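Protein chains in written order, with our numbering: chain A, -12 to 231; chain B, 81 to 537.
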């Protein structure tokens, strides 16, 4: 099985360890991973700001890079959701359609396609799982607290395969952290307050680490934690699932 | 409206008092939890939502037929039916009815439509005194403020503040904030109002096309007290409030209050079908932009709304910014998809007052795709030229960089270099991220650089 690895732009530049862990984890599980070097961004920052029409260049480039793969895997629910719902390539609609169908967020690829039942990973720490909204409510990686429906969680299922890990219960298990793309600067006051409340929930349950299938939420929460000189750290879920 | 502060500015002001934000957030979260408890207790809840959504689909696609059917039935029942194209026409009709009956004082129960039409202000200007009889609405009326929530109009007020208002306006002793005492005071005050008013205006929760009756839901019985004692009953309703048949109430009444407050049903679900002997009963069917919204395929579903307020209670932004930060009659996620239809320029900020987390869509009892519509409104607002001009330049630069792999790699390198060697260039007050958040620590290499070294092709 050959997989095209899509590394979101900000992970590529600021959190390469999340991408390295994703690559190593997929390789350990016997997947042949290719990384198209000409990739940049999914175009979501423009589209969510109302400039979907300006994301055309990104969509075209993305389609060129990834249309050849049956599976595209990304360590981000949010960017994955954007591709799945909004990727349009004007001159190659068929290729774009194939891309939209082939995109997988990492944890759903592990549980639904690779059917992973065991992992060789150890992480002896108290960990809080942050459900990113786009992963959870968009890609349905976990059941949502609003619905009257049976519970499940793909990221949690995988985390429970890690030796020594202790997952903490949160008071509000799927409240948004307030990152929200450009919202984090255009609505700075609310974004910060939402983030502060989210990390306080993890801290009050003695989490040592906050993890998530989305690095963007974690980047926002890390910024707040570091400003508060907190000892709590953030770690992308791939780094825990790949961890020793 | 040019001096109107936008949602971000108003939220920043609200957030100056963090304890108050925490209190507001916890209060509404508690309502959301009550909603969860009530909805999770019904195994077929999701099926019920789907049914309600489908019934409303039918209503919206056959709206003209149902309206005419409703008008005919209501007229047959002895109700006088009026049609209002916009807010001004609605207000004029109300005034004409009152003038004709020589009424100078009116009692009004909860009606978000009259808030939308600014009826109180209009009648005041014409020398007609209106008293809101819903307790929460009476409180904000005394405070000369608009409601901050469609179901809980004074949810932004603490009981001590209500005590101060009652002290000034209703003569309670200074510093009295015991809810029991305040409620009893309001009760006595309103009892006098109910007994002396000749005209009562109510809202409408559901209008039944099949029978020409309408249903008004309240917890306080204030709509009934007003309407039963007045010689003239005026009911104002948006044209989207129709349901085809009476039996459909079995779906909507089950959903409405469970979604709103977690109660199984409102204390009073009153059916008004015909005027009692000697009484005049009027219904005003108001369009005010609804036909325009019906003609927007991406946004017509917003007209399914039954005004339960669940999307506000669950919204992590609303809970922390307060209803007034939306500067429109209907706040929160639903207000943010309704308001741009009325005025795209004045409400251009509202679809951006969201992280698109999607919780609103999940709690909506009629399954309006609220967060998808917020995304779509953003596209429309930018295309129509009402977007933030400063943002536009940045977006063009971003597009230019991200559409080119070499520029992207160069920009990334430059960004990481800057963070490492010249952090003052970004760690300053010009950067809204930095105000309360540290910047990410720049790694030595990007993933692409690492990949080229570690997985040479």
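We put the CB at the ideal spot given by N, CA and C, even for glycine. These figures come from a predicted structure and were not determined experimentally.
task: Identify the contact partners of residue 394(B) in chain A, using a Cβ-Cβ distance below 8 Å as the criterion.
output: By 1-based counting over the second chain, the position of residue 394(B) is 314. Correct list: 133.
message: Does any residue of chain B have a CB that is nearer than 8 Å to the CB of residue 19(A)?
response: Position 32 of the first chain, counted from the start, is the residue given in the question as residue 19(A). Chain B, which has no Cβ nearer than 8 Å to the Cβ of residue 19(A), makes this no.
- prompt: Mind listing which residues of the segment 474 to 501 of chain B have their C-beta closer than 7 Å to chain A's C-betas, in chain order?
  reply: 475, 476, 478, 479, 482, 483, 485, 488, 492, 495 and 496
message: If you reduce the DSSP assignment to three classes, tell me which class residue 183(A) lands in.
response: Position 196 of the first chain, counted from the first residue, corresponds to residue 183(A). It is helical.
- request: Could you spell out the range, first to last residue, of the alpha helix (DSSP H) harbouring residue 244(B)?
  value: For the purposes of this step, residue 244(B) is taken as residue 164 along the second chain, with counting starting at 1. From DSSP, the alpha helix (DSSP H) with residue 244(B) extends over 239 to 250.
query: Among 207(B), 249(B), 193(B) and 376(B), which one has its Cα closest to the Cα of residue 218(B)?
result: Along the second chain, one-based indexing puts residue 218(B) at 138. Considering only alpha carbons, the answer is 249(B).
- prompt: From residue 116(A) to residue 137(A), what distance separates their C-alpha atoms?
  reply: For the purposes of this step, residue 116(A) is taken as residue 129 along the first chain, with counting starting at 1. For the purposes of this step, residue 137(A) is taken as residue 150 along the first chain, with counting starting at 1. Rounded to the nearest angstrom, the two C-alpha atoms are 19 Å apart.
message: If the criterion is Cβ atoms closer than 8 Å, does the pair residue 190(A) and residue 219(A) meet it?
response: Here residue 190(A) refers to the residue found at position 203 when the first chain is read from its first residue. Here residue 219(A) refers to the residue found at position 232 when the first chain is read from its first residue. Yes.
Minimum Cβ-Cβ distance from residue 166(A) to chain B less than 8 Å: What you label residue 166(A) is simply residue 179 of the first chain in a count that begins at 1. Output row for residue 166(A): interface = yes.
- request: Could you please give me the residues that DSSP links to residue 209(B) through a beta bridge?
  value: As a working note, residue 209(B) is residue 129 in the second chain. According to DSSP, which records beta bridges pairwise, residue 209(B) is partnered with 185(B).
- prompt: Just curious, the alpha helix (DSSP H) that residue 82(A) is in, first and last residue?
  reply: Stepping through the first chain from its first residue, residue 82(A) is reached at position 95. Where residue 82(A) is concerned, the enclosing alpha helix (DSSP H) stretches over 80 to 89.
message: Give me the chain A residues within the contact set of residue 519(B), using Cβ-Cβ distance strictly less than 8 Å, ordered along the chain.
response: On the second chain, position 439 is the one that residue 519(B) refers to. Near residue 519(B) (Cβ distances below 8 Å), the residues of chain A are 210.
message: With H, G and I counted as helix, E and B as strand and the rest as coil, what does DSSP make of residue 153(B)?
response: Working through the second chain from its first residue, we reach residue 153(B) at position 73. Here residue 153(B) sits in helix by DSSP.
Coarse secondary structure for residue 386(B), derived from DSSP in three states: The sequence position of residue 386(B) within the second chain is 306, counting from 1. Residue 386(B) falls in the coil class under three-state DSSP.
message: Can you list, in chain order, the residues of its chain with a C-beta nearer than 8 Å to that of residue 311(B)? Leave out the 5 residues immediately preceding and following it.
response: Residue numbering aside, residue 311(B) sits at position 231 when the second chain is read from its first letter. Only 181, 278, 279, 358, 359 and 360 meet the Cβ criterion.
query: Taking the alpha carbon of residue 528(B) as the point to measure from, which residue in 488(B), 169(B) and 515(B) has its own alpha carbon closest?
result: Working through the second chain from its first residue, we reach residue 528(B) at position 448. For the residues 488(B), 169(B) and 515(B), the minimum Cα distance to residue 528(B) belongs to 488(B).
message: For residue 47(B) and residue 193(B), what's the separation of their Cα atoms in angstroms?
response: Past the boundaries of the shown model lies residue 47(B); chain B is included only from 81 to 537, so the question cannot be answered.
- request: Taking residue 210(A) as the reference, give the member of 230(A), 172(A), 51(A) and 148(A) with the closest Cα.
  value: Taking the first chain and counting its residues from 1, the one referred to as residue 210(A) is at position 223. Closest option to residue 210(A), Cα to Cα, is 172(A).
message: Distance check for residue 286(B) and residue 366(B), CA to CA, integer angstroms please.
response: Position 286 of the second chain, counted from the first residue, corresponds to residue 366(B). Position 206 of the second chain, counted from the first residue, corresponds to residue 286(B). For residue 366(B) and residue 286(B), the distance between alpha carbons rounds to 14 Å.
- request: Could you give the DSSP three-state label for residue 207(A): helix, strand or coil?
  value: Residue mapping note: residue 207(A) aligns to position 220 of the first chain, counting from 1. Of the three classes helix, strand and coil, the one that applies to residue 207(A) here is helix, per DSSP.
- prompt: Between the segment 142 to 150 of chain B and the segment 239 to 257 of chain B, are three or more C-beta pairs nearer than 8 Å?
  reply: no
message: Tell me the rounded alpha-carbon separation between residue 99(B) and residue 215(A).
response: Mapped onto the second chain, residue 99(B) falls at position 19. Mapped onto the first chain, residue 215(A) falls at position 228. Computed Cα separation, rounded: 18 Å.
- prompt: Leaving out the 5 sequence neighbours to the left and right, which residues in its chain are closer than 6 Å to residue 153(A) when beta-carbon positions are compared?
  reply: Numbered from 1 along the first chain, position 166 holds the residue referred to as residue 153(A). Closer than 6 Å at Cβ, skipping near neighbours: 113.
message: Which residue marks the beginning of the beta strand (DSSP E) containing residue 197(A), and which one marks its end?
response: Along the first chain, one-based indexing puts residue 197(A) at 210. Run containing residue 197(A): 196 to 199, per the beta strand (DSSP E) assignment.
message: Would you say residue 458(B) lies against chain A (beta-carbon separation less than 8 Å)?
response: The sequence position of residue 458(B) within the second chain is 378, counting from 1. Output row for residue 458(B): interface = yes.
- prompt: Exposed or buried, which one is residue 138(B) when buried takes at least 16 other CB atoms within 10 Å?
  reply: In the second chain, residue 138(B) corresponds to position 58, counting from 1. Under this definition residue 138(B) is an exposed residue.
message: Could you check whether the Cβ of residue 95(B) sits closer than 8 Å to any Cβ belonging to chain A?
response: As a position in the second chain, residue 95(B) is number 15, starting the count at 1. Closer than 8 Å to some Cβ of chain A, the Cβ of residue 95(B) qualifies, so yes.
message: Can you find the residues in the same chain that come closer than 8 Å, C-beta to C-beta, to residue 126(A), ignoring five residues on each side of it along the sequence?
response: Along the first chain, one-based indexing puts residue 126(A) at 139. So the list reads 64, 67, 68, 71, 92 and 95, once near-sequence residues are dropped.
message: So residue 252(B) and residue 263(B) are supposed to be a Cβ contact under 8 Å. How far apart are they, rounded?
response: Translated into the one-based positions of the second chain, residue 252(B) becomes position 172. Translated into the one-based positions of the second chain, residue 263(B) becomes position 183. That pair is no contact at about 11 Å.
message: What does the alpha-carbon distance come out to for the pair residue 300(B) and residue 170(A)?
response: Here residue 300(B) is taken as the residue at index 220 of the second chain, counted from 1. Here residue 170(A) is taken as the residue at index 183 of the first chain, counted from 1. Spanning the two alpha carbons is a distance of roughly 39 Å.
- prompt: Does the segment 431 to 444 of chain B come within contact of the segment 386 to 400 of chain B, defined as at least 3 CB pairs closer than 8 Å?
  reply: yes
task: Could you confirm whether any beta carbon from chain A is found closer than 8 Å to the beta carbon of residue 427(B)?
output: The sequence position of residue 427(B) within the second chain is 347, counting from 1. Residue 427(B) does not count as touching chain A.
- prompt: Roughly how many angstroms lie between the CA atoms of residue 292(B) and residue 155(B), to the nearest whole one?
  reply: Taking the second chain and counting its residues from 1, one reaches residue 292(B) at position 212. Taking the second chain and counting its residues from 1, one reaches residue 155(B) at position 75. So the alpha carbons of these two residues sit roughly 8 Å apart.
Exposed unless 16 or more other CB atoms sit within 10 angstroms - verdict on residue 224(B): Position 144 of the second chain holds residue 224(B). Answer is exposed; the Cβ neighbour count stays below 16.
query: By a C-beta neighbour count over all protein chains shown, 10 Å radius and 16 as the cutoff for buried, is residue 325(B) buried or exposed?
result: If you number the second chain from 1, residue 325(B) lands on position 245. Exposed.
- prompt: What are the boundary residues of the alpha helix (DSSP H) that residue 29(A) is part of?
  reply: By one-based count along the first chain, residue 29(A) stands at place 42. Run containing residue 29(A): none; DSSP gives neither H nor E here.
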